[in-house]
Amino acid sequence: MTLALPSASRAQSWTGPVRGSWVLEGARGTGVVIAAPGSASEIIVAANENSAVQQAAVFLAGDIGRITGHAPAIVHAAAGARTRLHLVTLGNGTVPTAIASDVLRGKAESHQILTDGDDIWLVGADARGTAYAAYTLSERIGIDPLYLWTGFTPQKRTTLILRQTNHLVGPPTIRYRGLFHDDEDILPRPFEDAGYPLRIGDVPLEWYARFFETALRLRMNMVAPYARTHRRAEVQQMASDWGLFYTSHHYDILLSNPFGFERYGLARERGAGTSWDWYTNRRGMLDYWRGGVRENALLHAIWPVGLRGAEDRAYDFPANTSPAEQLRVFREAVDSQLAITRALAPADPSPLFTFTLYSEMLARFESGSLSVPPEVILVWPDDNDGVMRGLPTSLGGRKHGVYYHLAYFGPRTKQVTHIVGPATVAREFTRIRDAGATEYALVNVTELRDFVMETRMIADIAWDANRALSPTDPSTRFVKWWSHEYFGAGAAAAESSYADRQRLLGRFDDIWRGSEQVRVALHELHARFNGAPSHALAADTVAMLSRLDREYRAAMSRGTRASLAMTPEARQFFLEHVMLGLLIDWRPTQAALLLDRALREPDARRAW
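Numbering (my numbering), first residue to last: 11 to 618.
Below you can see the structure in the form of structure tokens.
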């Protein structure tokens, strides 16, 4: 819940500008001068503040520097600057009486931003709350939290004045919320001889830093940085030091990296044997999981539990194993995982566990046959296309969460461009909120860049679902807000282009309609040119392609006109975020129609 400042709710309610909305234009008398010619500021952070707060101070100083050209110094005590920005976690320093300590205390991640004379106070109920106060201030003075992916640069100011502010923010709706960048197919380095990224290579630390920074600026508190790639301790250490819980996906039991069982020699290193078999190598599997806990015990971690294969598929029981025996082994394995973690990880805070009801497990749980320890957070899955497969009908005295896909790489690629749109997100997260599955939300964003719009929407919902999802029609409200936030004078036309996009690309399969018919037509042309029987595309297929061609042409024309009113960087983002998705299907659609003309051409020479 957001209180006290009239503009404060806009980030969650999508009713007005957010980025730069606290900058005061004009007279200095009613604001706090963060930067001006001849006037310096400093950021004060106690030496014993949490590393998450220290990192937030580094980002805040850099942000002010990007706006004004002069980054304030970060000091442990006041050093004489005119304006002082204090980052303080309750209990770790003195704060003004106007700080609502009694309101903040005990409420996870709550924070307050308060101006008091020439002082700006960024105070959190805990370290994450303090850090989020800094990230909130950065956006309100002009920094796009998604700048790494949108390319937006802040407005330059020689004088930066903050409005008088008292911004009080309560705890988030979803307690643990974060991003999973599944399927790192283009990220590992070095490249293979064939020119493709080496699958078992390293993803650069620079990329992880960008990924973590984005999560923090969106006030997320959790990341799953790995799927199928080499892991390096400095990556998850960075996440934890910056204030993010390190977790992983459903088959990465106890963060043990089953992908590396053979590939990286982890089974040999951990003395875990050579087979992933509970009946013949139970001790080895337990030792493998112990390795995951030992490597990550001192981090902020959330521990997945369960029983799956060493690859992302169902555990391979021996033939004719009864369902009852499978369920017995599952519970035995999970109980063992909880015991391992409690034996090796610190008891304070108490370890957090999740179990994802993925694939075969959802039906078993819903039938009542699957037993999961009550302290484990149950994570409900979507259908990989942003529609929830299941949600709790009763909380049953336990915590629930969700695993949600904006994209992923699978049998049919669901990356390329964002398809799970705001209308789907609003509908499904309303269901999630109403079901009470609000303890945990892991969002699969694949390589993130193409999915920033809906990622921002989910982040805002995750912090204050009631405000974001009410009143009616939150998706329209969000698209309108987003368009104004990023496209300025072209906002109204951008809204229309987003509507075109949603209408033409409502499912991931829609981006392959044209290319699928190109494949069919090329097959038929190959037959024709080799003297074999061939057929033109079916009449209804040609009619469908012709209709799409007309609709894409009209949508692209509207989008091109819309872009003319935008700044150069807004126009570039609009091209990548809106127009490119349309082109991915439109160009193959046009090609399929041309190939069909060749199939229908009586003269084989002219068909060429």
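Note that CB positions come from ideal geometry on N, CA and C, so glycine has one too.
DSSP three-state assignment for residue i, whether helix, strand or coil
i: Gln122; result: strand
i: Lys424; result: strand
i: Ile429; result: coil
i: Trp596; result: helix
i: Ser17; result: Low local confidence applies: a pLDDT of 40 at Ser17 is under 50, so the model's placement there is unreliable, and no value is given.
i: Ala307; result: coil
i: Ile153; result: coil
i: Arg318; result: strand
i: Ala324; result: strand
i: Tyr418; result: strand
i: Met11; result: Bear in mind that a pLDDT of 37 at Met11, under 50, signals an unreliable position, so the number given afterwards is only what the model happens to contain. Looking at Met11 - three-state DSSP - the assignment turns out to be coil, as it is neither helix nor strand.
i: Trp492; result: helix
Where the alpha helix (DSSP H) containing residue i begins and where it ends
i: Ala451; result: Here Ala451 belongs to no alpha helix (DSSP H); instead the beta strand (DSSP E) covers Tyr450 to Asn454.
i: Leu114; result: Ser111 to Leu114
i: Ser573; result: Ala549 to Ser573
i: Leu215; result: Leu215 to Arg227
i: Ala83; result: That residue, Ala83, is in no alpha helix (DSSP H); its beta strand (DSSP E) goes Ala83 to Val85.
i: Met371; result: Glu370 to Glu376
i: His545; result: It is not in any alpha helix (DSSP H) - His545 carries neither H nor E in the DSSP assignment.
i: Asp73; result: Ser61 to Thr78
i: Asn476; result: Ala475 to Leu479
i: Asp345; result: Pro333 to Leu354
Closest Cα partner of residue i within the set the options
i: Phe488; options: Gly116, Ala503, Ile471 and Leu70; result: Ile471
i: Gly406; options: Gly36, Val397, Tyr414 and Gly378; result: Gly378
i: Ala349; options: Arg459, Arg238, Thr284 and Asp297; result: Asp297
i: Trp286; options: Met589, Phe327 and Trp24; result: Phe327
i: Arg384; options: Lys409, Arg399 and Thr366; result: Rather than Arg, the amino acid found at residue 384 in this sequence is Pro. Looking at the Cα atoms, Lys409 is the closest of the given residues.
i: Ala245; options: Asp595, Arg563, Ala565 and Glu305; result: The residue you asked about is not Ala; residue 245 is Val in the sequence shown. Here the closest residue by C-alpha is Glu305.
i: Arg280; options: Gly30, Pro207, Gly301 and Leu95; result: Gly301
i: Asp460; options: Ser258, Gly161, Tyr236 and Arg374; result: Gly161
i: Met554; options: Thr599, Tyr261 and Ala108; result: Thr599
i: Ala469; options: Leu156, Ala617 and Glu526; result: Leu156
i: Leu276; options: Glu561, Arg242 and Lys166; result: Arg242
i: Ala66; options: Leu95, Tyr368, Ala537 and Val42; result: Leu95
i: Leu7; options: Ile521, Gly152 and Tyr186; result: Nothing can be reported for residue 7, as the shown portion of the chain is limited to 11 through 618.
i: Gly541; options: Glu561, Leu603, Ala614 and Phe271; result: Ala614
i: Met398; options: Pro421, Val453, Leu380 and Lys424; result: Val453
i: Thr448; options: Gln64, Pro181 and Thr107; result: Pro181
i: Thr168; options: Ala81, Asp345, Pro235 and Val113; result: Ala81
i: Pro164; options: Arg29, Asp192 and Thr140; result: Arg29
i: Asp444; options: Leu401, Ser506, Tyr289 and Tyr325; result: Leu401
i: Ile429; options: Lys166, Ala436 and Ala417; result: Ala417
i: Glu370; options: Tyr186, Leu337 and Phe539; result: Leu337
Beta-carbon separation (whole angstroms), residue i vs residue j, contact threshold 8 Å
i: Arg150; j: Glu119; result: 18 Å between Cβ atoms; not a contact.
i: Ser51; j: Ala45; result: 6 Å
i: Val315; j: Phe363; result: 5 Å
i: Leu609; j: Glu534; result: 6 Å
i: Val426; j: Ile594; result: 6 Å
i: Leu605; j: Val552; result: Actually they do not touch by this definition, with Cβ atoms about 11 Å apart.
i: Ile109; j: Leu124; result: 6 Å
i: Tyr145; j: Arg76; result: About 14 Å separates the two Cβ atoms, so there is no contact after all.
i: Trp252; j: Leu226; result: 6 Å
i: Glu457; j: Ile196; result: 7 Å
i: Gly396; j: Glu438; result: 6 Å
Extent of the continuous beta strand (DSSP E) run through residue i
i: Glu52; result: Ser51 to Val55
i: Thr366; result: Leu362 to Thr366
i: Ile263; result: Ile263 -> no beta strand (DSSP E), and no H or E assigned at all.
i: Ile44; result: Gly41 to Ala45
i: His177; result: Asn176 to Val179
i: Trp288; result: From DSSP, Trp288 is part of no beta strand (DSSP E); its letter is neither H nor E.
i: Pro314; result: Ile312 to Pro314
Paired residues, beta bridge with residue i - DSSP
i: Gly188; result: Met232 and Leu452
i: Arg576; result: It is Met, not Arg, that sits at residue 576 in the sequence shown. Met576 pairs with nothing; no bridge assigned.
i: Thr99; result: Gly134
i: Pro391; result: Tyr413
i: Pro383; result: Partner(s): none; Pro383 has no beta bridge.
i: Phe518; result: Phe518 pairs with nothing; no bridge assigned.
i: Ile171; result: Val43
i: Asp212; result: Arg199
i: Val105; result: DSSP output for Val105 lists no bridge partner at all.
i: Asp129; result: Arg94 and Asp126
i: Met248; result: Looking at the DSSP assignment, Met248 forms no beta bridge with any residue, so it has no partner.
i: Val33; result: Leu172
i: Pro207; result: Phe201
i: Met398; result: Asp392
i: Phe255; result: Met232
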